[in-house]
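Residues 19 to 470 in the working numbering are what the sequence shown spells out, letter by letter.
Just so it is clear, CB atoms sit at the ideal spot from N, CA and C, and this is done for glycine as well.
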Amino acid sequence: MRSLGLGLPLASLLTGVALLFTAPAAHAADTPLRDLAAAQGKVVGTAVTGSKLTGTYGDITGAQFSSLTPGNAMKWESVEPTRGTFNWTEADQIVAFAQAHHQQVRGHTLVWHSQNPSWLTNGSWTSAQLGSLLQNHISTEVGRYKGKITAWDVVNEPFNEDGSYRSSIWYNGLGSGYIASALTWAHAADPDAKLYINDYNVEGVNAKSDALYNLVKSLKAQGVPIDGVGLQAHLILGQVPSTLQQNIQRFADLGVDVAITELDVRVQLPADATELAQQKSDFKSVVAACAAVTRCVNVTVWGFTDADSWVPSTFPGYGAATPYDENYQPKPAYYGIAEALGGSGSGGGTTPPPSGACTAAYGVSSQWDTGFTGQVTISCSGVSLASWKVNWTFGAGQRITQAWNATCTQSGTAVSCANASYNGAVPDGGSVTFGFNGSFSGSNPVPTVTLG
Ligand code: XIL
19 MRSLGLGLPL
29 ASLLTGVALL
39 FTAPAAHAAD
49 TPLRDLAAAQ
59 GKVVGTAVTG
69 SKLTGTYGDI
79 TGAQFSSLTP
89 GNAMKWESVE
99 PTRGTFNWTE
109 ADQIVAFAQA
119 HHQQVRGHTL
129 VWHSQNPSWL
139 TNGSWTSAQL
149 GSLLQNHIST
159 EVGRYKGKIT
169 AWDVVNEPFN
179 EDGSYRSSIW
189 YNGLGSGYIA
199 SALTWAHAAD
209 PDAKLYINDY
219 NVEGVNAKSD
229 ALYNLVKSLK
239 AQGVPIDGVG
249 LQAHLILGQV
259 PSTLQQNIQR
269 FADLGVDVAI
279 TELDVRVQLP
289 ADATELAQQK
299 SDFKSVVAAC
309 AAVTRCVNVT
319 VWGFTDADSW
329 VPSTFPGYGA
339 ATPYDENYQP
349 KPAYYGIAEA
359 LGGSGSGGGT
369 TPPPSGACTA
379 AYGVSSQWDT
389 GFTGQVTISC
399 SGVSLASWKV
409 NWTFGAGQRI
419 TQAWNATCTQ
429 SGTAVSCANA
439 SYNGAVPDGG
449 SVTFGFNGSF
459 SGSNPVPTVT
469 LG
């Protein structure tokens, strides 16, 4: 391979986190996501619709994923639309498919404010009646699938954005104790299933995730069976929280597992190539944050194809939120997942790949009220570097206070970091990382990094 000095014209091709190349269609030579994940000790999943599990949809589901979550089939309105009349058809079908394909199943979901049958929500119940309805529901459903479900989203979306408890049939009728009761009843019905609380907008450190953190801590202290937290991760393009990994780590440090349970990244339609490249980077950051924390056990996408996504009907004007397009062709986002799981990937933009390139990727690994720790990784493929320099602009007034494994200077908002004497060489297929501490006030957006 050529050694590429930074003075050569090709250096102008070497840009930062925005990744540049077209993703070819996935073919037999691509290592399936489930195998890449397994090599990292992780599980990669998708939400599915049972009736679609044939043909191409079934083939991709079986080949690429090691975990399935029924998108709707296990919700209360699906399994007991009329009181005492149960319909397990789709849920059974998904569980059978998973078993045939050696996949885990994440049960979703037992206690939620939404998608409950009208006989339940329109009924008028005493608190005792409500408690016994919930206990029966949990015992029946968890009991039916005992031994077949790896993890249950026992409680879904219990919090408001400010961290207070959400008003719901359960909270209003039973108080906040419904959460501990539900977990305890689920544990009795299947002691081997991992029991989760799942919510959205809890991916970064914020008031809502603080509330979830405090709840899990207090449940653990009381001996309530709680095994994990689910971070749904229904994200907007370009808005992966900078504190995602830090947040995953703090839950792990409480002694629970973490799963990314419903990942999608919605784009305002129509999505162009630049947006799909940004989406690749967003998927990659989320999966990389999970991969970096031992107790983050599963990343599940909420539908693997744009043909089976809840986004267009729920967020008008938005779509293209999943890793495969409507024709089941992998998008750049697919390769973002693969790369974060250690796969070779296949680029992600519009122009054909040159024979080789190096990229620089910026990340924040932890953040507190006025400071943060970040790192930049320079990776090369098809070429190598003998020395490097990385530049970016801190648009929100952040300041570098200390750097290691590089010499950094800052002038105004412009930051420039050059290799140390011992790490200028980046081999073909290799990478070099340097780190730094910084200060900020207000926001700490991720800059676009340029190599050259
Ligand atoms: C969504 C399904 O994907 C849709 O088909 C359905 O119409 C509404 O619910 N958070 C959750 C999921 O926990 O259960 C939701 O699934 C998406 C948001």
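Relative to the non-hydrogen atoms of the ligand XIL, the Cβ of G453 never comes closer than 6 Å to any of them. In this structure, C435 lies away from L403, with their beta-carbon atoms at least 7 Å apart. A residue is called buried when at least 16 other Cβ atoms come within 10 angstroms of its Cβ; N265 meets this threshold and is buried. Rounded to whole angstroms, S157 and V220 show a C-alpha spacing of 28 Å. Scanning its chain for C-beta atoms nearer than 6 Å, with the 5 sequence neighbours on each side dropped, one finds around T261 the residues G222, V223 and Q385, in chain order.
If you draw a 10 Å sphere on the C-beta of W422, you find fewer than 16 other C-beta atoms in it, and that means exposed. By the criterion of a C-beta distance shorter than 6 Å, G337 is surrounded in its chain by L287, V329 and P330, once the five residues flanking it on both sides are discounted. In the structure shown, the three-state DSSP call for E280 is strand. Within the DSSP bridge table, the entry for V464 names no partner.
Judged by the Cβ position, W328 qualifies as a neighbour of the ligand XIL at the 6 Å threshold, a heavy atom of the ligand being closer than this.
Straight-line spacing of the CA atoms in G453 and T431 works out to 18 Å.
By the Cβ test, the segment 397-417 is not in contact with the segment 245-261, since fewer than three Cβ pairs between them sit closer than 8 Å.
Put simply, the segment 386-405 does not touch the segment 83-97. Fewer than three CB pairs are less than 8 Å apart. Taking 7 Å as the cut-off, the Cβ atoms of Y214 and A169 count as close. When secondary structure is reduced to three states using DSSP, V160 falls in the helix class. Short of 6 Å from the beta carbon of H119, and not among the five residues preceding or following it, lie these beta carbons of its own chain, in chain order: G80. In the structure shown, the three-state DSSP call for I187 is helix.
N232 has its CB no nearer than 6 Å to any heavy atom of the ligand XIL. Note that the C-beta distance between F83 and G102 is not below 7 Å.
Put simply, the backbone Cα of L148 is about 10 Å away from that of Y196.
The Cβ atoms of A200 and V173 sit closer than 7 Å to each other.
Rounded to whole angstroms, the Cβ separation of E293 and D324 is 13 Å, and the two are not in contact under 8 Å. The DSSP-derived three-state label of Q257 is coil.
Counting C-beta pairs with one atom in each stretch, the segment 299-314 and the segment 224-233 have fewer than three that are closer than 8 Å, which means they do not touch. Per DSSP, F301 lies in no beta strand (DSSP E); the unbroken alpha helix (DSSP H) holding it starts and ends at A291 to A309. Of the candidates A306, A277 and E95, the residue whose Cα lies closest to the Cα of W320 is A277.
Y342 counts as buried, since no fewer than 16 other beta carbons sit within 10 angstroms of its beta carbon. For H126, the uninterrupted beta strand (DSSP E) run begins and ends at Q122 to V129, by DSSP.
Straight-line spacing of the CA atoms in P259 and I244 works out to 25 Å. Here the C-alpha atom of D171 lies approximately 26 Å from the C-alpha atom of A351. Spatial neighbours of K93 in its own chain (CB-CB distance under 6 Å, excluding positions within 5 residues in sequence) are listed in chain order as Q133.
For V464 against Y353, the beta-carbon gap comes to about 20 Å, at or over 8 Å, which does not count as contact. The beta carbon of S96 lies closer than 6 Å to those of N90 in the same chain, with the five residues before and after it left out. The three-state reading of DSSP puts F458 in coil, since its state is none of H, G, I, E or B. Following the DSSP letters along the chain, one finds D217 inside the beta strand (DSSP E) bounded by residues K212 to D217. For the pair A55 and C308, the Cα-to-Cα distance works out to about 11 Å.
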